[in-house]
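Here is the structure we will look at, set down as structure tokens.
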Amino acid sequence: MRASHGGDATADGNLPLEPDRFVGRSAELTELARALDASRLVTVTGPGGVGKSRLAARAAARAAPPDGVWRVELAPVRDPELVDFAVVEALGLTDHTTRLPREALLAHLAGRQLLLVLDGFEHLVEVCAPLVAELVGRVPGLRVLAVGRRPLELAGERVVALAPLGEGEATELLAERAAQQGVVLGEEDADVRELCRRLDGIPLAVELAAGRLRALSPGELLARFDDRFRLLAGGRRDALPRHQTLRTAIGWSHELCTPEERLLWARLSVFAGRFDLEAAEYVCGGEGLPSDGVLDVLSELLAQSVVVRELTATGVRYRMLDTIRAYGADWLEATGDAARLRRRHRDWYLGLATWCELDWFSPRQGEVAARVEAELPNLRGALEYCLTEPDETHLGQYLAGSLWFYWAGCGRLSEGRHWLEQAVQLDSDNDQSRLKALWVLGYVAILQGDTVPALAALQECREEADQAANPTAVAYAEHRTGCLALVTDDMPRAETLLRSALDRYQQIGELNSNVLMGQVELAMARAFQGDLADAVKLCEDVRRVCEDHGERWTRSYALYVLAYVAWSEGRLPLARDLLADCLGSAHGFRDLLGSVLAVELLALVTAAEGDAAEAALLQGAAGGMWPSVGLPLFGSAYYNAPHELCEAMARERLGDGPYEERVREGARLGREAAVARALGPRQALDAVPVPRGPVRPAPMGVDMRKPAASPTRKGGETAG
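Numbering (this note's numbering), first residue to last: 4 to 723.
What follows is the structure, given as structure tokens:
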């Protein structure tokens with residue numbers, strides 16, 4: 004889900020929208036635009052398939068709030084607890100803290116002016132209504148355009164009820180969609196007009212009829228439709244006629260399908276959101292539908308508008324229209340095959356997560372991150388299935404743990420912790436899966452700055468790993484405990500634990516991004532203790548291995564440590580180049596921790612180069628990012644010492660007032676603007692002397708030449 008100005012929005016039933024092919028609805032569009040001007044909460048309501056999402060997308064395309072239009076697709080979300088996560092995801096937020104997603108949303112939206120489109124909320128209205136009420140009540144610059152089959156029933160809500168198309172618009176839509184398939188219709192043709200009347204002008208029903216026009220004439224369609232109308236009206240006797248008509252149209256289209264098409268239609272309903280051909284072939288193939296025949300049958304469903312094809316950043320993907328998916332799910336349950344299909348769906352996404360975890364340590368890291376992002380709705384579905392089925396618990400623990408790289412490296416800590424905490428609370432007959440979930444939970448909690456739960460999870464992991472004689476889990480538990488010591492300023496303990504963990508990794512032949520991150524963390528501990536040469540040696544080794552394997556995420560943290568050393572030794576151009584490389588990679592992975600650390604150190608390099616004003620601005624930009632990470636610089640005296648030195652240098656050159664104004668200016672930058680500013684071209688000014696050797700933590704009144712002790716504080720982790 005991404006920022007949208009209408010071009011990538013979808014119609015009700017999730018049909019793709021091309022703005023220049025928007026048929027009819029000019030009066031409704033005007034009404035909706037006026038409603039948005041008059042009210043901060045507008046809800047477009049109407050029956051399924053009537054075109055609510057398409058109209059909302061068109062109206063959103065015309066809106067121009069300063070901070071953009073953001074669309075949240077809620078139809079694939081089944082668990083009410085994931086609604087806030089879905090909104091966070093849609094807004095592109097990365098939050099490393101222990102704040103609830105709602106708190107992160109409110110903090111992000113404060114002071115912004117934007118339009119939030121909540122599409123397909125009706126099955127989650129009990130959760131969405133209070134969410135919208137709180138957001139609208141506490142964020143004056145926010146407008147919400149909700150799209151669903153019923154109102155939210157909130158104070159101040161303005162409802163725009165969307166009726167079906169008029170006869171003329173319906174025939175125009177049918178003719179336009181038929182023309183896309185090379186079929187020319189006369190809009191005045193009696194059969195065409197009668198068919199549209201029978202379809203009650205519901206756009207989705209018209210789309211389905213158009214999908215049949217390659218094979219049947221309007222008259223032949225009408226005859227078949229008439230034969231089945233009474234039979235397929237179905238549903239409750241008190242259902243609205245338009246709801247009955249939509250179900251009739253879907254059922255009629257279903258009746259016209261071949262047995263193989265009906266079978267695939269039902270089986271595809273197990274997917275949440277988008278899917279690719281390989282997934283469809285694996286999950287839906289077999290028992291009446293050979294895997295190598297899925298493509299041909301899928302092509303027919305595409306031609307009939309039952310399935311939509313989309314070209315995305317991860318390649319060609321497909322999705323079922325939401326109303327049609329629900330119809331297929333009913334048929335799947337009726338066949339008695341639903342449980343088997345859900346297991347196959349789970350198996351595919353378990354396999355995908357396993358492959359992605361292995362491929363994370365490769366040149367395909369960027370592709371892996373994009374793939375998991377695209378598959379998140381289906382991965383959620385697999386996690387939910389595993390963690391609610393009694394015999395599947397160990398698979399849920401395995402899946403939640405295998406996605407560690409996504410939770411930790413791609414800014415999904417809150418959601419990762421949600422699944423991991425559920426997973427470890429359940430009994431399992433597989434110690435290895437539970438142990439992995441425990442150490443990953445500890446890692447995520449460290450990154451969120453939540454040290455007490457982190458230590459508890461890691462201690463439990465270590466104790467159970469010792470009992471189970473599991474050397475891999477022992478190594479990971481020890482590694483992450485060392486990481487916790489690092490960010491709480493216990494450098495001797497950090498070094499001891501990290502060296503021991505690295506030895507264990509070597510003994511069991513473990514080599515991946517986690518292992519190399521342990522070496523980076525050891526290098527940071529050595530640098531903080533004054534051994535810059537050892538830190539460089541460790542990180543150059545990491546850099547070499549990463550470049551051999553095409554690994555970029557851990558490499559970015561090695562570059563950070565090398566930049567710290569280069570700055571300490573007065574090699575400012577080298578430090579800047581290393582940090583630019585580091586920041587580019589971290590930001591590309593949505594790794595907010597790596598990004599903000601790089602910006603902090605770039606501020607110090609900039610101050611050392613003589614540009615105090617720009618250094619202060621970068622400190623302000625970093626300060627604006629830290630609330631989404633946790634306690635600034637982990638509350639660590641060691642990490643904070645360069646920040647304090649930068650501030651002292653900038654204040655001395657600028658004076659207190661100008662320094663603070665520049666910091667405020669930087670804090671107003673968004674994350675994208677802050678990163679762009681930090682990476683922008685620079686002109687060297689008169690450099691000022693910089694320390695030679697490591698910067699030691701220096702609380703007020705303490706000699707900068709001596710390391711300072713600091714109390715253990717909550718903090719994050721240097722390892723992304």
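Don't be surprised by glycine CBs; every beta carbon is placed ideally from N, CA and C.
Compute the Euclidean distance between the alpha carbons of residue 165 and residue 56, then round it to the nearest angstrom. Residue 56 has its alpha-carbon roughly 10 Å from the corresponding atom of residue 165.
Is the segment 142 to 161 touching the segment 109 to 129, taking contact as three or more C-beta pairs under 8 Å? The answer is yes - the segment 109 to 129 touches the segment 142 to 161, with three or more Cβ pairs under 8 Å.
Whose CA, out of 316, 111, 392, lies closest to the CA of residue 371? Ranking 316, 111, 392 by Cα distance to residue 371 puts 316 first.
Here's a check: name, in chain order, each residue in its chain whose Cβ is nearer than 7 Å to the Cβ of residue 126, leaving out the five neighbours to either side. Same-chain partners within the cutoff: there are none.
By the three-class DSSP mapping on this structure, what secondary structure does residue 217 have? Residue 217 falls in the coil class under three-state DSSP.
Report yes if the C-beta distance between residue 440 and residue 400 is below 8 Å; otherwise report no. Yes; because the gap between Cβ atoms is below 8 Å, this pair is in contact.
Using CA coordinates, which residue listed in 291, 294, 309, 293 is at the minimum distance from residue 255? Among 291, 294, 309, 293, the Cα nearest to that of residue 255 is on 309.
Does residue 80 come out as helix, strand or coil in the three-state DSSP assignment? Residue 80: coil per DSSP, three-state reduction.
So for residue 278, helix, strand or coil by DSSP? Here DSSP, grouped into helix, strand and coil, assigns residue 278 to strand.
Report the three-state DSSP secondary structure of residue 292 (helix, strand or coil). Coil at residue 292, not helix or strand.
Residue 363 vs residue 516 beta-carbon contact at 8 Å: With respect to residue 516, residue 363 sits close: the two C-beta atoms are nearer than 8 Å.
For my contact list, residue 205 and residue 267 are in at a C-beta cut-off of 8 Å; report their separation, rounded to the angstrom. The Cβ separation is near 24 Å, so there is no contact.
Rounded to whole angstroms, what is the Cα-Cα separation between residue 566 and residue 582? Near 6 Å, if we compare the C-alpha coordinates of residue 582 and residue 566.
What residue range is occupied by the uninterrupted alpha helix (DSSP H) comprising residue 468? Run containing residue 468: 454 to 471, per the alpha helix (DSSP H) assignment.
Here's a check: name, in chain order, each residue in its chain whose Cβ is nearer than 8 Å to the Cβ of residue 628, leaving out the five neighbours to either side. For residue 628, where only same-chain residues beyond five positions count, the Cβ hits under 8 Å are 595, 598, 599, 602, 674, 677.
Could you tell me whether the segment 74 to 88 touches the segment 415 to 425, where touching means 3 or more Cβ pairs closer than 8 Å? In short, these stretches touch, since the Cβ pair count reaches three.
Would you decide whether residue 183 is buried or exposed? Buried here means 16 or more other CB atoms lie within 10 Å of its CB. Counting Cβ neighbours within 10 Å, residue 183 comes out exposed, since fewer than 16 surround it.
What number of angstroms, rounded off, separates the C-alpha of residue 133 from the C-alpha of residue 105? So the two alpha carbons sit approximately 11 Å from each other.
Look at the Cβ atom of residue 253, then the Cβ atom of residue 211, and state whether they are nearer than 8 Å. A contact, by the Cβ cut-off of 8 Å.
Between the C-alpha atoms of residue 626 and residue 632, what's the straight-line distance to the nearest angstrom? Linking residue 626 to residue 632 through their CA atoms gives a straight-line distance of about 10 Å.
Looking only at DSSP bridge pairs, what is residue 319 linked to? According to DSSP, residue pairing for residue 319 in a beta bridge involves 314.
Where DSSP assigns a beta bridge to residue 48, which residues make up the other side? Note: residue 48 is bridge-paired with 164 in the DSSP secondary-structure output.
If you draw a straight line from the C-alpha of residue 227 to the C-alpha of residue 121, how long is it? For residue 227 and residue 121, the distance between alpha carbons rounds to 38 Å.
N-terminal and C-terminal residue of the beta strand (DSSP E) that residue 122 is part of: Boundaries of the beta strand (DSSP E) harbouring residue 122: 117 to 122, taken from the DSSP string.
For residue 559, is the classification buried or exposed, using 16 other Cβ atoms within 10 angstroms of its Cβ as the cut-off for buried? Answer is buried; the Cβ neighbour count reaches 16.
Own chain, CB closer than 6 Å to residue 277, minus 5 neighbours either side, in chain order: 320, 322, listed in sequence order.
According to the neighbour-count rule (16 or more other Cβ atoms, all chains shown, within 10 Å of its Cβ), is residue 333 buried or exposed? By the neighbour-count rule (16 or more Cβ atoms within 10 Å), residue 333 is not buried but exposed.
Among the candidates 50, 313, 409, 209, whose CA atom is the shortest distance from the CA of residue 360? When each option's Cα is compared against that of residue 360, the closest is 409.
Taking 6 Å as the limit between beta carbons, can you name the residues of its chain near residue 413, skipping five residues before and five after? The beta carbon of residue 413 lies closer than 6 Å to those of 372, 592, 593 in the same chain, with the five residues before and after it left out.
Is there contact here, the segment 275 to 291 with the segment 171 to 182, by at least three beta-carbon pairs under 8 Å? Under the Cβ criterion (8 Å, minimum of three pairs), the segment 275 to 291 does not count as touching the segment 171 to 182.
Tell me the rounded alpha-carbon separation between residue 148 and residue 72. Cα to Cα, residue 148 sits roughly 10 Å from residue 72.
Along the beta strand (DSSP E) that carries residue 145, what are the first and last residues, could you check? In this chain, the beta strand (DSSP E) harbouring residue 145 covers 145 to 150.
Starting from residue 29, trace the alpha helix (DSSP H) both ways and give me its first and last residue. DSSP places residue 29 in the uninterrupted alpha helix (DSSP H) bounded by 29 to 41.
Can you round the beta-carbon distance between residue 78 and residue 35 to whole angstroms, since I take them to be within the 8 Å contact cut? The Cβ separation is near 20 Å, so there is no contact.
How far does the alpha helix (DSSP H) with residue 682 in it reach, from first residue to last? Under the DSSP assignment, residue 682 falls in the alpha helix (DSSP H) whose first and last residues are 674 to 682.
Decide if residue 455 is buried, meaning its Cβ has at least 16 other Cβ atoms within 10 Å, or exposed. Exposed: under 16 other Cβ atoms inside 10 Å.
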